[in-house]
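There are 2 protein chains.
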Amino acid sequence: MTKNTPIGEVGDLPPEEFRRIAHEAVDWIADYLTNVESLPVKAKVRPGEVRARFPASAPEEGESLDGALATWRDVIVPGITHWNHPAFFGYFPSSGSAPGILGEMLAAALNVNAMVWRSSPAATEVEELATDWLRQMLGLPADFEGVINDTASNSTLYALATARQVAYPDVRQTGLFGQPRGRIYASDQAHSSVEKAVLTLGLGRGSFRPIESDDAFRMRPEALRAALEEDVAAGVRPIAVVATLGTTSTASMDPVAEIARIAREFEIWLHVDSAYAGSGAIVPELRPRFSGWEGADSIVMNPHKWFFTPSDCSVLFCRHPEQLAGAFSLVPEYLRSAEQGSTRSLMNYGVALGRRFRALKLWLVMRTFGSAGLARRLLDYVHMADELAGWVDEAPGWERVAPASFSTVVFRYAPAGMGLDETNALNQRILDRVNASGEAFLTHTVLRGKMTLRMAIGNVKTTREHVVHAWELLRDAAEALSKAA
Amino acid sequence: MTKNTPIGEVGDLPPEEFRRIAHEAVDWIADYLTNVESLPVKAKVRPGEVRARFPASAPEEGESLDGALATWRDVIVPGITHWNHPAFFGYFPSSGSAPGILGEMLAAALNVNAMVWRSSPAATEVEELATDWLRQMLGLPADFEGVINDTASNSTLYALATARQVAYPDVRQTGLFGQPRGRIYASDQAHSSVEKAVLTLGLGRGSFRPIESDDAFRMRPEALRAALEEDVAAGVRPIAVVATLGTTSTASMDPVAEIARIAREFEIWLHVDSAYAGSGAIVPELRPRFSGWEGADSIVMNPHKWFFTPSDCSVLFCRHPEQLAGAFSLVPEYLRSAEQGSTRSLMNYGVALGRRFRALKLWLVMRTFGSAGLARRLLDYVHMADELAGWVDEAPGWERVAPASFSTVVFRYAPAGMGLDETNALNQRILDRVNASGEAFLTHTVLRGKMTLRMAIGNVKTTREHVVHAWELLRDAAEALSKAA
Numbered sequence: 001m002t003k004n005t006p007i008g009e010v011g012d013l014p015p016e017e018f019r020r021i022a023h024e025a026v027d028w029i030a031d032y033l034t035n036v037e038s039l040p041v042k043a044k045v046r047p048g049e050v051r052a053r054f055p056a057s058a059p060e061e062g063e064s065l066d067g068a069l070a071t072w073r074d075v076i077v078p079g080i081t082h083w084n085h086p087a088f089f090g091y092f093p094s095s096g097s098a099p100g101i102l103g104e105m106l107a108a109a110l111n112v113n114a115m116v117w118r119s120s121p122a123a124t125e126v127e128e129l130a131t132d133w134l135r136q137m138l139g140l141p142a143d144f145e146g147v148i149n150d151t152a153s154n155s156t157l158y159a160l161a162t163a164r165q166v167a168y169p170d171v172r173q174t175g176l177f178g179q180p181r182g183r184i185y186a187s188d189q190a191h192s193s194v195e196k197a198v199l200t201l202g203l204g205r206g207s208f209r210p211i212e213s214d215d216a217f218r219m220r221p222e223a224l225r226a227a228l229e230e231d232v233a234a235g236v237r238p239i240a241v242v243a244t245l246g247t248t249s250t251a252s253m254d255p256v257a258e259i260a261r262i263a264r265e266f267e268i269w270l271h272v273d274s275a276y277a278g279s280g281a282i283v284p285e286l287r288p289r290f291s292g293w294e295g296a297d298s299i300v301m302n303p304h305k306w307f308f309t310p311s312d313c314s315v316l317f318c319r320h321p322e323q324l325a326g327a328f329s330l331v332p333e334y335l336r337s338a339e340q341g342s343t344r345s346l347m348n349y350g351v352a353l354g355r356r357f358r359a360l361k362l363w364l365v366m367r368t369f370g371s372a373g374l375a376r377r378l379l380d381y382v383h384m385a386d387e388l389a390g391w392v393d394e395a396p397g398w399e400r401v402a403p404a405s406f407s408t409v410v411f412r413y414a415p416a417g418m419g420l421d422e423t424n425a426l427n428q429r430i431l432d433r434v435n436a437s438g439e440a441f442l443t444h445t446v447l448r449g450k451m452t453l454r455m456a457i458g459n460v461k462t463t464r465e466h467v468v469h470a471w472e473l474l475r476d477a478a479e480a481l482s483k484a485a
Numbered sequence: 001m002t003k004n005t006p007i008g009e010v011g012d013l014p015p016e017e018f019r020r021i022a023h024e025a026v027d028w029i030a031d032y033l034t035n036v037e038s039l040p041v042k043a044k045v046r047p048g049e050v051r052a053r054f055p056a057s058a059p060e061e062g063e064s065l066d067g068a069l070a071t072w073r074d075v076i077v078p079g080i081t082h083w084n085h086p087a088f089f090g091y092f093p094s095s096g097s098a099p100g101i102l103g104e105m106l107a108a109a110l111n112v113n114a115m116v117w118r119s120s121p122a123a124t125e126v127e128e129l130a131t132d133w134l135r136q137m138l139g140l141p142a143d144f145e146g147v148i149n150d151t152a153s154n155s156t157l158y159a160l161a162t163a164r165q166v167a168y169p170d171v172r173q174t175g176l177f178g179q180p181r182g183r184i185y186a187s188d189q190a191h192s193s194v195e196k197a198v199l200t201l202g203l204g205r206g207s208f209r210p211i212e213s214d215d216a217f218r219m220r221p222e223a224l225r226a227a228l229e230e231d232v233a234a235g236v237r238p239i240a241v242v243a244t245l246g247t248t249s250t251a252s253m254d255p256v257a258e259i260a261r262i263a264r265e266f267e268i269w270l271h272v273d274s275a276y277a278g279s280g281a282i283v284p285e286l287r288p289r290f291s292g293w294e295g296a297d298s299i300v301m302n303p304h305k306w307f308f309t310p311s312d313c314s315v316l317f318c319r320h321p322e323q324l325a326g327a328f329s330l331v332p333e334y335l336r337s338a339e340q341g342s343t344r345s346l347m348n349y350g351v352a353l354g355r356r357f358r359a360l361k362l363w364l365v366m367r368t369f370g371s372a373g374l375a376r377r378l379l380d381y382v383h384m385a386d387e388l389a390g391w392v393d394e395a396p397g398w399e400r401v402a403p404a405s406f407s408t409v410v411f412r413y414a415p416a417g418m419g420l421d422e423t424n425a426l427n428q429r430i431l432d433r434v435n436a437s438g439e440a441f442l443t444h445t446v447l448r449g450k451m452t453l454r455m456a457i458g459n460v461k462t463t464r465e466h467v468v469h470a471w472e473l474l475r476d477a478a479e480a481l482s483k484a485a
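Shown next, in the form of structure tokens:
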């Protein structure tokens, strides 16, 4: 303390104050995990309603954490759409779990930075360990080296930046100015993050070429080959192809073995986006579906999706980590240290310099569930999805819009004789009605003009009964809305 | 459960099991926060030592969380460099705090995604609220709109992607192919993230032009103007200038008002990197140093640096949020929803689609400390740094290498008559000796060839006594090593 400031002002809240309030928070969390099913899945608030209940400005003098916890309970939580609810079937369930929450608590307490080894050795080494455990569980060869990023969007950006570096060896120095146009290929079902990466990298949307998918929403390899041949003949430089194993709309699987052969033939980078479905590769019964992905140059798989690890945790596996570092590495003087020859500096594998200790939660999840335990859980969801697909097939007026894949089922209510626009509008109303019930939450997609309902099963607490109930809600909504019409 | 799988397999650990172990974890955290000062600041482990104590593969069947907590205590924590230690003076202290840890605990429990409003309304609205509270505290005009990213590296990438979009209006469609070379300017003291962004954006290092800094490591505006004039005359297209308020090496402040005038004159984007020192703008006594930054197009400030918020939390303020979204926004069908006209979709302001509920910890920190409480704490550190600077000035053989700025002091031991190489080597040994003591942790930089020691004061628990003791350690090390030589 300097003489100008009152003694006792410097410093955090007393640890005993933290202890008291954090125990209270733990009890809240445990109660929440017990009772989350009794809450509406989708928040029942209107835009602006949450924010309006806060003061417009920060308080000048600090206020108590007890009051903050009250605001949390009374204002914030009612404005939350509960991804923890076992009937949350929207997007891809980014399911946390108890060991994952514990990992985030401990990581937040340490608050270290895994940018270079020295800045916290265990954070770097547990990241190396956890990504290697995961690699083994996925059955990938030992030359795939993993690094944890925040999101698949960034993992894919980093992979494609590396592909760009390989395709244009002097891009690091000269940029894309004056270079021949390049192109990145992915199916018309690929995630928007591929196109976003193309934009970010300065390639422009004109450098993204969507490849036609087949009836089951899988990239058509012959269309990829034709596009490559056409582009090469036109003087366009192919940079990379992205194969999606588990697309966002339908969880369809591109034929990766054949795509890998084409990528090798044209000598371009193959990136595999398996952010959601990649978890499935740990299941012996599902592993064969991934055959050929080991031929990729890079693979992204998100433990924060179908692997019970809280957000954010996206693992980018790369067989050429030195090329990945080559695209990004810049080591300023203030980050140099003696161990840099013998240790990995994880900051070199992407844009972000600061890196949380994300490996901790991933390690805790794998250790607590075990590889076989995780595999059994994932297979359960696949069985539930298959059963749901069977119900859809048998129910009059209902139809599947794509094959069920992993734990995702896409379907719609399409009574005979109803036109497309009317059917689409009806499905939107069914979706809104089910979501408004608060008893289940689904999202939608549009497949070749058809408004389509999606159920992605993956919350750690979801059981068959939740799927049964959601299916009842859907059928009831369809019936009620059809009568009303 | 399907009939193929055993009942009871689906599901998380029982919440009561979580409750028990999480209470234990809270006690560990509270004890840790109480006793962290008794631990060595820098981890005393050799490369590979931590990892070697783990099994090479994940267990097949899950193991207990109690065992995991034991591994945490016995294996992981001894491998940690403690950013929580009050004598951690390295890099920029990314200091957490008790309210921040609480925020991370609760956010991890909810595990929601703030990508669109619907995916968790309160997460979007609290982010709007918290960044607006922060904007007011910093004294920025209301047209600056904030969004939370993981790191300043990404905030700067997003800002410069927007500048690129403004400079090349058709880049989104056509990319940089065939465009005239562009250029981004920053001082030779700017953070490496600026150059990393230039690489990522496909501009190439040739598009980065470092501008000479003056004796106090501030960008020379006349050098910026000369560079711009030269480039424009040569047909190079200026894209953006980055002014750093609080450089990484010395916390020096570029003359932002003058730089803003030049940016306006040349009609280029002005991005301000104030990741560390920006927090200082909340202090009335320090606010005048930021005069002119309100003329920027975008400003990055990291609450996870000098603002007691655990990593990761970087706020990008932008006066043209529609241009920011214009550089990135891509809304695929599966993310559309009815409210998108009337609510903000925070995913549109950068690369990452998945977004944690980071606003919670930031809100908790501002609410618990209060704006005046935060300002008093920051000013304390500035007073400590000024006092340390005075001691350096008075001590024989010691010298400052740059003016003290905010809470950062850079200095070295340079006995009269010693050559540069020898002086540099001596300072490296002083640094290594102090860090090996485990009683304080500093990092270094190199300034115009001089190996320089840095002390950045900012941990929430640091008091004057810790600074006094670090200074004693430094002087003792210098004396011992000088005698030995």
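For the protein sequence lines, the chains are F and A, in the order given. Quick note on numbering: our numbering labels position 31 of the first sequence as 31, and the sequence is numbered without any gaps. Quick note on numbering: our numbering labels position 356 of the second sequence as 356, and the sequence is numbered without any gaps. Glycine residues also receive a C-beta, built at the ideal position from the N, C-alpha and C atoms. All figures in this text were calculated on a predicted structure; none of them were measured in a lab.
Secondary structure of residue i, DSSP reduced to three states
i                 : result
Asn149 of chain A : strand
His85 of chain F  : coil
Lys305 of chain F : coil
Lys361 of chain A : helix
Trp471 of chain F : helix
Ser298 of chain F : strand
Asp273 of chain A : strand
Pro99 of chain A  : helix
Ser314 of chain A : strand
Spatial neighbours of residue i in its chain, beta-carbon cut-off 6 angstroms, leaving aside the 5 residues before and after
i                 : result
Arg209 of chain F : Arg183, Tyr185, Ala227
Ala296 of chain A : Leu270, Val272
Tyr276 of chain A : Phe92, Gly246, Lys305, Trp306
Thr368 of chain A : Pro99
Val467 of chain A : Met384, Leu388
Beta carbon of residue i nearer than 9 angstroms to that of residue j
i                 : j                 : result
Val147 of chain F : Leu346 of chain F : yes
Met366 of chain F : Pro59 of chain A  : yes
Glu63 of chain F  : Gly370 of chain A : yes
Arg237 of chain A : Ala167 of chain A : yes
Ser487 of chain A : Arg118 of chain F : Outside the modelled stretch of chain A, which goes from 1 to 485, sits residue 487 of chain A, for which no answer is possible.
Leu282 of chain F : Phe144 of chain F : Note that residue 282 of chain F corresponds to Ile in the displayed sequence, not to Leu. Against a cut-off of 9 angstroms, the Cβ pair of Phe144 of chain F and Ile282 of chain F comes out as no contact.
Leu110 of chain A : Ile80 of chain F  : yes
Leu106 of chain A : Leu65 of chain A  : no
Buried/exposed call for residue i, threshold 16 Cβ in 10 Å
i                 : result
Glu267 of chain A : exposed
Ala108 of chain F : buried
Glu16 of chain A  : exposed
Gly354 of chain F : buried
Gln173 of chain F : exposed
Lys483 of chain A : exposed
Residue i - partner residues in DSSP beta bridges
i                 : result
Lys483 of chain F : Answer is none; Lys483 of chain F lacks a bridge partner.
Ala456 of chain F : F:Thr408
Pro238 of chain F : F:Arg183
Leu245 of chain A : A:Met253
Met451 of chain A : A:Val446
Met219 of chain A : A:Ser213
Cβ shell of residue i (< 7 angstroms), same chain only, five flanking positions each side left out
i                 : result
Ser207 of chain F : Arg181, Gly182, Arg183, Ile184, Val198
Asp254 of chain A : Ser187, Arg218, Met219, Ala243, Thr244, Leu245
Own chain, CB closer than 8 angstroms to residue i, minus 5 neighbours either side, in chain order
i                 : result
Ser252 of chain A : Gln189, Ser213, Ala216, Phe217, Arg218, Thr244, Gly246, Ala402, Pro403, Ser405
Contact residues within the region 58 to 69 of chain A, judged by C-beta distance below 9 angstroms to chain B
As a matter of chain content, chain B is missing from the structure shown, whose protein chains are F and A.
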